[in-house]
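Asks: Just passing along the structure, written as structure tokens.
There are 2 protein chains.
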Amino acid sequence: MLDAAIAVLGRQAEASIEDIAVAAGVVRQTVYAHFPSRKALLGAMIDYLTAEVASTLDALDLKTPPADEALRRWLSASWSIIERYPVLLSPVIADAAPPGDEYDRHRPVTAQLMELVRRGRRTGVFEARHPEAWIVTAVIALGHAAGQQLTAGQMSPNEAGAAYRDSVLRLVLRQPAAEDGSSTKTTSSGAQ
Amino acid sequence: MLDAAIAVLGRQAEASIEDIAVAAGVVRQTVYAHFPSRKALLGAMIDYLTAEVASTLDALDLKTPPADEALRRWLSASWSIIERYPVLLSPVIADAAPPGDEYDRHRPVTAQLMELVRRGRRTGVFEARHPEAWIVTAVIALGHAAGQQLTAGQMSPNEAGAAYRDSVLRLVLRQPAAEDGSSTKTTSSGAQ
DNA sequence: CTTAACTTGGACACGCCTGTCTAAGATAGC
DNA sequence: GCTATCTTAGACAGGCGTGTCCAAGTTAAG
Chain A
1 MLDAAIAVLG RQAEASIEDI AVAAGVVRQT VYAHFPSRKA LLGAMIDYLT
51 AEVASTLDAL DLKTPPADEA LRRWLSASWS IIERYPVLLS PVIADAAPPG
101 DEYDRHRPVT AQLMELVRRG RRTGVFEARH PEAWIVTAVI ALGHAAGQQL
151 TAGQMSPNEA GAAYRDSVLR LVLRQPAAED GSSTKTTSSG AQ
Chain B
1 MLDAAIAVLG RQAEASIEDI AVAAGVVRQT VYAHFPSRKA LLGAMIDYLT
51 AEVASTLDAL DLKTPPADEA LRRWLSASWS IIERYPVLLS PVIADAAPPG
101 DEYDRHRPVT AQLMELVRRG RRTGVFEARH PEAWIVTAVI ALGHAAGQQL
151 TAGQMSPNEA GAAYRDSVLR LVLRQPAAED GSSTKTTSSG AQ
């Protein structure tokens, strides 16, 4: 049922309870039997996703390796999360917490990323010409861009992931980073 | 009246006709006296913005200078446009053309940018490891990020603009680009 | 002053979504 | 077989936005 919400809202941010219900194979009233209101449903979904994402990211050990290596790990993990849960890029998530929270509502993601960025700057591995908040925002924005290219069918999952990772590294790392030629063949215009 | 729509929709993408009307200092029915429907209003607004943006960008001469210099000009111009018309970053614009148009609906902007990117790659000045569409999307995404930081009050206009420009250059240019220390004082965390 | 153009307030139909209620059906466990 | 639980169908109220109609008011121009 939450799965249905995650799937539907990933495609249609303004989906109604009805839409979610049919996707779950039940009828609207049944949804209300489990969640008293739309807000409650969204809240439960976000809690679920938060736990899921947090557990993935917590298993990463970002504090031991040098910041650039940690960033690479983080990028791999965050990209696979984005692939699995497109809804995370949807305004549904951001709209869930209107009060002036953090600059962004991807709390479980941004918290660790922020920490990592701070460390990378302290150790001189990351660029430090702009506010930390900017780096975090830019990384997320590139995640959005890649996810969008993916759902629009403009790029394959591998292409989008590679573009995302490379671009973030170019943006964040102090030195050119030797441009690791990852697993994907980057034919310069072979989109879908 | 269109100005009111531009202003209101820039802050509230899902604003109603009522909202736009009061912002324009009139009453809802008066809006309908000028535009037969919501779609017509949005259409007129988009046409107006398109013309405005196109005229700004056409006055730029992006084809004469080397691609990197042209990109810098384009960034300056596009940033001032973003500052002037935050609504351009709103989903209102993208939602206006659902049919499988271009990868994006910022047509007047993307067309020239795409052209520029192509040239930069041909002349070896720009990175070419990923599809052209990715570069365009990423640039727009960074524009969104900067605009969002701005409207969220996280960064000053100068900070956001500098971050936007620098980040795009880092992303697109083949060589480090000597990091021009532009007009803005980039104190590394002096937001607001 | 009188007319034409524009604006206003009131009212209403329609559609869509949310949230609630109730009676009837299905299902599993005791 | 009977009962507790879940699901379903139908219906309904209330809210909100869109779009339409119309009568009365305002304003500027002839």
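Protein sequence lines, in the order shown, are assigned to chains A and B. The letter at position 35 of the first sequence is residue 35 when you use full-length UniProt numbering, and the numbering goes up by one with no holes. The letter at position 89 of the second sequence is residue 89 when you use full-length UniProt numbering, and the numbering goes up by one with no holes. Using N, Cα and C, we set each Cβ at its ideal position, and we do this for glycine too. Since we're looking at a predicted model, the values are computed, not measured.
Between Arg119/A and chain B, is any beta-carbon pair separated by less than 8 Å?
Replies: As a first step, residue 119/A is located in the first sequence; it is residue number 119 there, counting from the start. Answer no: the Cβ-Cβ gap between Arg119/A and chain B never drops below 8 Å.
Asks: Between Trp74/B and chain A, is there a C-beta pair that is closer than 8 Å?
Replies: The residue you call residue 74/B lines up with position 74 of the second sequence. No, Trp74/B does not count as interfacial toward chain A.
Asks: In whole angstroms, give me the CA-to-CA distance for Met1/B and Pro86/B.
Replies: In the second sequence, residue 1/B corresponds to position 1, counting from 1. In the second sequence, residue 86/B corresponds to position 86, counting from 1. Looking at the two C-alpha atoms, the distance is approximately 17 Å.
Asks: Check Leu60/B in the structure and name its three-state DSSP category.
Replies: In the second sequence, residue 60/B corresponds to position 60, counting from 1. Coil at Leu60/B, not helix or strand.
Asks: Would you please verify whether the beta carbon of Thr68/B is less than 8 Å from any beta carbon of chain A?
Replies: Within the second sequence, the letter at position 68 stands for residue 68/B. First, the residue type needs correcting, since residue 68/B is Asp and not Thr in the sequence shown. Chain A, which has no Cβ nearer than 8 Å to the Cβ of Asp68/B, makes this no.
Asks: So, does the CB of Asp95/A fall closer than 8 Å to a CB anywhere in chain B?
Replies: Taking the first sequence and counting its residues from 1, one reaches residue 95/A at position 95. Under the Cβ criterion of 8 Å, Asp95/A is not counted among the residues facing chain B.
Asks: For the alpha helix (DSSP H) containing Ser80/A, list its first residue and its last residue.
Replies: For this step, residue 80/A is matched to residue 80 along the first sequence. Boundaries of the alpha helix (DSSP H) around Ser80/A: 67–84.
Asks: Would you mind stating whether His130/A and Ala141/B have Cβ atoms separated by less than 8 Å?
Replies: Residue 130/A sits at position 130 when you count from the first residue of the first sequence. Residue 141/B sits at position 141 when you count from the first residue of the second sequence. In this structure, Ala141/B does not lie closer than 8 Å to His130/A by Cβ.
Asks: Do the region 15–27 of chain B and the region 154–174 of chain A make contact, defined as three or more Cβ pairs closer than 8 Å?
Replies: no
Asks: Does the region 40–48 of chain B touch the region 120–135 of chain B, meaning 3 or more C-beta pairs lie closer than 8 Å?
Replies: no
Asks: For a test of the three-state rule: what should DSSP assign to Asp104/A, helix, strand or coil?
Replies: Locating residue 104/A in the first sequence gives position 104, where the first residue counts as 1. A caution first: Asp104/A carries a pLDDT of 49, below 50, which makes its placement in the model unreliable, though a value can still be read off. Collapsing the DSSP output to three states places Asp104/A in coil.
Asks: Would you kindly check if the distance between the Cβ of Ala23/A and the Cβ of Ala4/A is under 8 Å?
Replies: Along the first sequence, one-based indexing puts residue 4/A at 4. Along the first sequence, one-based indexing puts residue 23/A at 23. Their beta carbons are under 8 Å apart, which means Ala4/A touches Ala23/A by this criterion.
Asks: So, using beta-carbon positions, are Gly147/A and Ile82/A closer together than 8 Å?
Replies: Looking up residue 147/A in the first sequence gives position 147. Looking up residue 82/A in the first sequence gives position 82. In this structure, Ile82/A lies closer than 8 Å to Gly147/A by Cβ.
Asks: Asp58/B to Gln112/B, Cα distance in whole Å?
Replies: Position 58 of the second sequence, counted from the first residue, corresponds to residue 58/B. Position 112 of the second sequence, counted from the first residue, corresponds to residue 112/B. Roughly 9 Å separates the two Cα atoms.
Asks: What residues in the region 165–176 of chain B bring their beta carbon closer than 8 Å to a beta carbon of chain A?
Replies: Asp166, Ser167, Arg170, Leu171, Pro176
Asks: Starting from Leu142/B, follow the alpha helix (DSSP H) in both directions and report where the run begins and ends.
Replies: The sequence position of residue 142/B within the second sequence is 142, counting from 1. Unbroken alpha helix (DSSP H) run through Leu142/B: 132–151.
Asks: Residues of chain B with CB under 7 Å from Arg28/A, in chain order?
Replies: Position 28 of the first sequence, counting from 1, holds the residue named residue 28/A. Going along chain B, no residue has its Cβ under 7 Å from Arg28/A, so there is no contact; the nearest lies around 23 Å.
Asks: Given that a residue counts as buried once 16 or more other Cβ atoms are within 10 Å of its Cβ, and exposed if not, what is Pro108/A?
Replies: The residue you call residue 108/A lines up with position 108 of the first sequence. Buried is the call here.
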